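Below is one structure; the comments refer to it alone.
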Amino acid sequence: MPPGGKKAAFARAPARTLSWPLLCDGISMLRLVIAMVLCALPAAAFAHSGEGVAGGFSGGLQHPLFGPDHVAAMIAVGLWGAFLGPPALYLLPLVFPLVMACGGVLAILGVPLPGIEAGIALSAAVLGLMVALAARPPLWVAALLVGLFAIFHGYAHGAELPQGADVAAFFAGFVIATGLLHLCGIGFGLLATRPAGRALVRAAGGAIALAGIVFLSRLA
Amino acid sequence: MRRAIRAAGLALPGLLPATPGFAHSVVAGYDPFPGGLLHPLLVPAHLLALVAFGLMLGTQGARASLRLLAVFALSLAAAILMVAAALSPSEPAFVLSICTLGAGAVAAAGRPLPFPATALLTGVGAIALLLDSVPAILSRSETLIALGGTVLSAGGVLAAVAGPSLLARRPWQKIAVRIAGSWCAASALLVLAVTLAR
């Protein structure tokens with residue numbers, strides 16, 4: 033190590049390293065390097081879009097989670113299933129994805145379905161109200177109601193398939209996210225086995241119904 | 014400094030064509046065998062199919078599921094023979110999606126079906142899966158090596174899913190298997206619709 037350390041050595045460096053022609057040469061090389069790095073960047077830019085397998089899966093997973101109307105309705109399905117008890121407890125989350133997929137098929141095949149957003153908002157209002165009122169209709173009525181609304185939710189997901197995303201990954205992502213929201217609703221709804229929990233679950237249903245009415249009023 | 018910049022300038026053009034270079038392997042950056050091993054895990058439609066078949070096997074009882082595993086293995090072997098003989102039926106991905114839908118629906122129903130029906134579903138699905146895994150660019154020997162990896166991996170995934178679903182005894186475990194089956198069927202139905210729409 034020279035006396036004075038590295039800083040002093042740098043200060044005593046020969047002037048030729050900073051001479052103008054060499055600096056120009058260095059800058060041109062720098063420009064070349066920067067240009068090449070910029071050429072390589074477009075591939076990295078894909079990292080933030082919904083492309084490929086990872087983008088498709090995460091896009092599908094986020095799709096129901098970032099739509100408050102979807103979240104409210106899916107949780108209401110779980111809450112109602114838990115409220116009704118077996119077999120509705122497992123039949124509703126079992127049937128919902130299949131009927132929802134049928135709605136998605138309609139969207140993908142371009143079959144027109146009017147009032148999608150209104151149907152989704154209405155699903156939150158009606159299903160929330162069912163929980164709030166502790167309604168116990170026959171199983172087939174509950175399944176029919178939930179199935180009807182599932183078509184609207186599926187249609188919305190199917191219509192918004194991002195370009196370039198892996199199809200199977202996207203659909204698996206949104207079906208899993210929907211199912212997990214049902215499970216959240218069921219988990220919370222199981223509190224209804226106790227009197228205090230029952231009031232809490234009904235209050236949650238009321239809140240979802242109110243949110244549904246807000247969603248509906250925004251559409252008007 | 015100047016030397017370093019020059020070296021970087023010379024090295025970068027060498028790095029740029031690296032991505033197109035991966036086109037000659039089954040999975041980017043891997044040799045044929047490990048690439049074939051990873052293929053079913055990295056292609057969502059294949060993974061979905063294997064999970065659906067595994068769940069279906071789990072709902073068919075221990076004896077039937079062992080026989081179905083044998084059908085799966087024999088079908089994969091038959092598909093390798095088809096590839097070796099340069100037979101390439103069209104649209105294996107579409108057929109695979111139909112079989113995934115069927116297997117998911119059977120798992121969602123949660124009841125055993127007659128063995129010939131599930132064997133047909135498993136056999137046709139296994140052949141479609143392997144034919145859909147054939148790499149386009151590799152030589153024949155490399156293709157067969159890659160498919161060997163795919164066979165091992167597909168069998169492993171199938172057994173890994175079928176085992177726990179076969180051991181499901183408690184009601185909530187059986188319900189979980191059925192719900193997972195309905196998720197697979199729903200996803201496969203949507204994939205089929207996209208294939209038809211295109």
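Protein sequence lines correspond, in order, to chains A and B. The first sequence begins at 33 in our numbering and counts up one residue at a time. The second sequence begins at 14 in our numbering and counts up one residue at a time. Think of the CB as a built atom: it goes at the ideal place given N, C-alpha and C, for glycine as much as any other residue. Quick caveat, the model's predicted, so the values are computed rather than measured.
If we cut at 8 Å on Cβ distances, does residue i have a partner in chain B?
i: A:G203; result: The identity of residue 203 of chain A in the sequence shown is Phe, whereas the question assumes Gly. At least one chain B Cβ lies under 8 Å of A:F203.
i: A:M132; result: yes
i: A:V137; result: yes
i: A:L126; result: yes
i: A:V199; result: yes
i: A:I140; result: yes
i: A:Y122; result: yes
i: A:G190; result: yes
i: A:G211; result: yes
i: A:I208; result: yes
i: A:R48; result: Note on A:R48: pLDDT 47, under 50, position unreliable in the model; the coordinate value appears next. Not one chain B Cβ lies under 8 Å of A:R48.
What's the gap between the Cα of residue i and the Cα of residue j?
i: B:A91; j: B:V207; result: 29 Å
i: B:A94; j: B:K187; result: It is worth fixing the name first, because residue 94 of chain B is Leu in this sequence and not Ala. If I take the Cα positions, the gap works out to 37 Å.
i: B:L8; j: B:L81; result: Because chain B spans 14 through 211 in this model, residue 8 of chain B falls outside it and cannot be assessed.
i: A:T225; j: B:L144; result: 52 Å
i: B:L55; j: A:A252; result: 45 Å
i: A:G221; j: A:L161; result: 14 Å
i: B:I158; j: A:R168; result: 59 Å
i: B:G162; j: A:R250; result: 55 Å
i: A:I140; j: B:A210; result: 7 Å
i: A:E192; j: A:F247; result: 19 Å
i: A:T144; j: A:G238; result: First, the amino acid is wrong: residue 144 of chain A is Pro here, not Thr. Roughly 32 Å separates the two Cα atoms.
i: A:V207; j: A:V199; result: 12 Å
i: B:E155; j: B:A97; result: 11 Å
i: B:A199; j: A:R63; result: 53 Å
i: B:P184; j: B:S103; result: 42 Å
Hey, residue i and residue j: beta-carbon distance below 8 Å or not?
i: A:A156; j: A:G219; result: no
i: A:G136; j: A:G186; result: yes
i: A:G91; j: A:F203; result: no
i: A:G205; j: A:L93; result: yes
i: A:G153; j: A:I240; result: As written in the sequence, residue 153 of chain A is Ala, which differs from the Gly given in the question. For A:A153 and A:I240, no; Cβs fall outside 8 Å.
i: A:L171; j: A:P129; result: no
i: B:V170; j: B:L160; result: no
i: A:G211; j: B:I192; result: yes
i: A:F184; j: A:G151; result: yes
i: B:P53; j: B:A132; result: no
i: A:A182; j: A:H95; result: no
i: B:G136; j: B:V84; result: yes
i: A:V163; j: A:W112; result: yes
i: B:A121; j: B:G194; result: yes
i: B:G74; j: B:P105; result: no
Contact criterion: CB-CB distance below 8 Å. Does residue i meet it with respect to chain A?
i: B:R124; result: no
i: B:R191; result: yes
i: B:A172; result: no
i: B:A121; result: yes
i: B:I188; result: yes
i: B:P57; result: yes
i: B:V204; result: yes
i: B:L94; result: no
i: B:S195; result: yes
i: B:V207; result: yes
Give me, in chain order, the residues of the same chain whose beta-carbon lies closer than 6 Å to that of residue i; leave out the 5 immediate sequence neighbours on both sides.
i: A:P125; result: H214
i: A:F42; result: Note that A:F42 has pLDDT 48, beneath the 50 cutoff, so the model's placement of it is unreliable and no number is given.
i: B:S110; result: A201, V204 and L205
Go through its chain and collect everything with a Cβ distance to residue i's Cβ below 7 Å, but skip five positions before and after it.
i: B:S78; result: L70, G71, A175 and L179
i: B:I140; result: S88, A91 and A92
i: A:L223; result: G229, L232 and V233
i: B:G115; result: L134
i: B:L165; result: L50
For residue i, collect the residues of the same chain with a Cβ closer than 8 Å to its Cβ; drop the 5 residues on either side in sequence, then sort them by chain order.
i: B:W196; result: G117
i: A:A77; result: Its pLDDT being 44, under 50, A:A77 is placed unreliably in this model, and the coordinates cannot settle the point.
i: B:H59; result: H52, P53, L109, L142, D145, S146 and A167
i: B:L68; result: A116, G117, A120, V174, A175, S178, V190, A193, G194 and C197
Check whether the Cβ of residue i lies closer than 7 Å to any heavy atom of the ligand SAM, and answer yes or no.
i: B:L171; result: The ligand SAM is absent from the structure shown, which contains no ligand whatsoever.
Going residue by residue through the segment 153–209 of chain B, where are the continuous alpha helix (DSSP H) segments of at least 4 residues, counting only ones entirely within it? 153–179
Enumerated in chain order, which unbroken segments of the alpha helix (DSSP H) with a length of 4 residues or greater are wholly contained in the segment 78–145 of chain A? 84–97, 100–116 and 120–140
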